[in-house]
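J.: Right, I'll just put the structure down here and ask away after.
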Amino acid sequence: MLLHIGIDDTDSAKHGMCTTYVGAVLSRKLAKVGEVEEAKLVRLNPNIKYKTRGNAAVALALRTKKVAEAKRITRRVVEELACFDDNNTNPGVVFYEGEPPEDFSRFYRRALHEVVGIDQAESLLRERGAEYVKYKLGRGIVGALAAIGAELSRATYEYIAYRARERWGTPRNLDTASVLAMDALTFPLTFNNYDYAERRVLIAPHTPCPVLFGIRGTSAQVVQEAAELVLPGEDIALSMVYKTNQGTDAHLQEVSRIAEVRPFSSVILAGEVASAPRVIQGGHVFFELCDEHGEQITCAAYEPTKGFRNVVRALIPGDRVRVYGGVDESRTINLEKLEVLRLKRERLANPRCTRCGRRMESAGKGRGYRCKRCRTVAKEKVVEELERNIQEKLYSVPPIAMRHLAKPLVLCI
Ligand SMILES: [Zn+2]
């Protein structure tokens, strides 16, 4: 019998913990009653603000003859490890025996693109006769169900090393040189290990959670081998390799017009830059994008996207672009990637005076242009070539600002 176990919302940004750790501990314990055939780490809609963290759920597929025992172990592990004192933590566990139905996959896709309620998860689980456990509000059944339903046709892998309990909350001492050496040897089969522009190690979190470091890559073998190159500075108490939807752009959906852009979704949308980018206090950059129906939407590159903002600031009205990003409640697109499709290369301008070089002024409607000082005249505007310092290509926010689900440029080819 194949038993699917989904778990979500056991973690707490404040107190630490991490649902992937619960999954790792559980898969160790379940090894006594069967064989874990698949372990999935699934990121869901990144635009939902219940949590400031990554919105991750896990699902294990266990080949077992001891289903009741496996369920008992699961409950015990979740009850032992979940952060029940955090008001914002509402764990949920889902069990499903046999091949998950197609509507579980549909539910997964909805949980990536929409805001899905606990009641919606619950009614589908009842309809399909699945067993589930809600702790407190039980919001976790949403992610638990979605994680079971996730068919990861496009997937990456993450190796995660966990710390001994007595180390939780203390500073991590990874050897940076070993991370750089690992990156040099394994990139692009692993990715987002280090941000070279910001000089920051990205494989270790800065939260009190049990994760020591995590390495993302294109196969289970690669991430495991890469992990052996890292000098962790302390003992690794437990490790786990998950198959995941991270780095796949699974959250993005192409929309053909701005009117279809819904709050809390993540979109790919082509259009024309309609306003000169403006920088506001705090260093955030905004511009308006319009489509051929004349509709407009605001696109944003916030301060944490660092050097990416220079690309956005270099846009001018008339450039044709394709934007990729999450949509907030006021329908602003938070840019993750930007593809410059066609740069505006020339513009019409008032002619320059042949004598003094100053720009001429209009001499009145239909009466051409003139230089007031030299009295020179010209009939028409002239075409001027624009100097552009960006290229027609795909740009991304830097690794340090990349969302879990965002596909790195190196995998976009
Ligand atoms: Zn002049």
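Following the working numbering, the numbering of the sequence shown begins with 757 at its first residue and continues without gaps.
Every residue gets a Cβ at the ideal spot worked out from N, C-alpha and C, and that includes glycine.
1. Determine the DSSP secondary structure at residue 996, reduced to helix, strand or coil.
2. Between the alpha carbons of residue 1139 and residue 1100, how many angstroms are there, rounded?
3. Going along the chain, which unbroken runs of the alpha helix (DSSP H) with 4 or more residues stay wholly within the segment 792 to 846?
4. With a threshold of 7 Å, establish whether the CB of residue 1115 neighbours any heavy atom of ligand 1.
5. Does the beta carbon of residue 955 fall short of 7 Å from some heavy atom of ligand 1?
6. State the CB to CB distance for the pair residue 1085 and residue 1019, rounded to an integer number of angstroms; the pair is presumed to be in contact (CB under 8 Å).
7. Can the beta-carbon of residue 1164 be found closer than 8 Å to that of residue 954?
8. Whole angstroms are fine: how far does the CA of residue 1159 sit from the CA of residue 803?
9. Could you tell me the distance, in whole angstroms, from the CA atom of residue 831 to the CA atom of residue 1161?
10. What did DSSP end up calling residue 1093 once you bin it into helix, strand or coil?
11. For residue 875, count the other beta carbons within 10 Å of its own beta carbon; 16 or more makes it buried, fewer makes it exposed. Which is it?
12. With three or more C-beta pairs closer than 8 Å as the rule, is the segment 1018 to 1034 touching the segment 884 to 897?
13. Where does the unbroken beta strand (DSSP E) through residue 1165 begin, and where does it stop?
14. Counting only the same chain and skipping the five closest in sequence on each side, list residues whose C-beta sits under 7 Å from that of residue 825.
15. Kindly indicate which three-state DSSP category residue 890 falls into: helix, strand or coil?
16. Could you spell out where the beta strand (DSSP E) holding residue 764 opens and where it closes?
17. Can you give me the start and stop residues for the alpha helix (DSSP H) that residue 981 sits inside?
18. Check whether the Cβ atoms of residue 793 and residue 817 lie closer than 8 Å to each other.
19. Grab me the residues of residue 774's own chain with a C-beta within less than 7 Å of its C-beta, minus the 5 sequence neighbours each way, in chain order.
20. Straight-line CA distance for residue 915 to residue 978?
21. What three-state label does DSSP hand residue 1075 in the structure shown?
22. Would you mind sorting residue 1080 into buried or exposed? The rule is 16 or more other CB atoms within 10 Å of its CB.
23. Roughly how many whole angstroms lie between the Cα atoms of residue 866 and residue 1083?
24. Using the C-alpha atoms, what's the distance from residue 849 back to residue 1056?
25. Given a cut-off of 8 Å on the beta-carbon distance, is the pair residue 897 and residue 815 in contact?
T.: This is what the structure gives:
1. On the sequence shown, position 240 is the one that residue 996 refers to. In this structure, residue 996 counts as strand in the three-state DSSP scheme.
2. For this step, residue 1139 is matched to residue 383 along the sequence shown. For this step, residue 1100 is matched to residue 344 along the sequence shown. Using only the alpha carbons, I get a separation of about 12 Å.
3. Within the segment 792 to 846, complete alpha helix (DSSP H) segments of at least 4 residues are found at 823 to 837, given in chain order.
4. Taking the sequence shown and counting its residues from 1, the one referred to as residue 1115 is at position 359. Here the distance from the Cβ of residue 1115 to the nearest heavy atom of ligand 1 is not below 7 Å.
5. In the sequence shown, counting from the first residue as 1, residue 955 sits at position 199. No.
6. Your numbering for residue 1085 matches position 329 in the sequence shown. Your numbering for residue 1019 matches position 263 in the sequence shown. Residue 1085 to residue 1019, Cβ: 5 Å. Contact.
7. As a first step, residue 1164 must be located in the sequence shown, where it is residue number 408. As a first step, residue 954 must be located in the sequence shown, where it is residue number 198. No.
8. Along the sequence shown, one-based indexing puts residue 803 at 47. Along the sequence shown, one-based indexing puts residue 1159 at 403. For residue 803 and residue 1159, the distance between alpha carbons rounds to 10 Å.
9. Locating residue 831 in the sequence shown gives position 75, counting from the first residue. Locating residue 1161 in the sequence shown gives position 405, counting from the first residue. For residue 831 and residue 1161, the distance between alpha carbons rounds to 29 Å.
10. Along the sequence shown, read from residue 1 onward, the residue named residue 1093 stands at position 337. Looking at residue 1093 - three-state DSSP - the assignment turns out to be strand.
11. Indexing the sequence shown from 1 puts residue 875 at position 119. An exposed status is given to residue 875, since fewer than 16 other beta-carbon atoms sit within 10 Å of its beta-carbon.
12. no
13. Position 409 of the sequence shown, counted from the start, is the residue given in the question as residue 1165. It is not in any beta strand (DSSP E) - residue 1165 carries neither H nor E in the DSSP assignment.
14. Taking the sequence shown and counting its residues from 1, one reaches residue 825 at position 69. If we look at residue 825 and ignore the five residues flanking it on each side, its Cβ neighbours are 789.
15. The residue given as residue 890 occupies position 134 in the sequence shown. In the structure shown, residue 890 sits in a strand (DSSP, three-state: E or B).
16. What you label residue 764 is simply residue 8 of the sequence shown in a count that begins at 1. First-last of the beta strand (DSSP E) with residue 764: 758 to 764.
17. For this step, residue 981 is matched to residue 225 along the sequence shown. Where residue 981 is concerned, the enclosing alpha helix (DSSP H) stretches over 976 to 983.
18. In the sequence shown, residue 793 corresponds to position 37, counting from 1. In the sequence shown, residue 817 corresponds to position 61, counting from 1. Taking 8 Å as the Cβ cut-off, residue 793 and residue 817 qualify as a contacting pair.
19. For this step, residue 774 is matched to residue 18 along the sequence shown. Correct list, in chain order: 767, 965, 966 and 967.
20. In the sequence shown, counting from the first residue as 1, residue 915 sits at position 159. In the sequence shown, counting from the first residue as 1, residue 978 sits at position 222. Taking the straight line joining both Cα atoms gives about 9 Å.
21. Taking the sequence shown and counting its residues from 1, the one referred to as residue 1075 is at position 319. Three-state DSSP puts residue 1075 in coil, outside helix and strand.
22. Here residue 1080 corresponds to residue number 324 of the sequence shown, with the count starting at 1. By the neighbour-count rule (16 or more Cβ atoms within 10 Å), residue 1080 is buried.
23. Along the sequence shown, one-based indexing puts residue 866 at 110. Along the sequence shown, one-based indexing puts residue 1083 at 327. C-alpha separation (whole angstroms): 15 Å.
24. As a working mapping, residue 1056 is identified with position 300 in the sequence shown. As a working mapping, residue 849 is identified with position 93 in the sequence shown. Between residue 1056 and residue 849, the C-alpha separation is close to 37 Å.
25. Within the sequence shown, numbered from 1, the residue matching residue 897 stands at position 141. Within the sequence shown, numbered from 1, the residue matching residue 815 stands at position 59. Contact: no.
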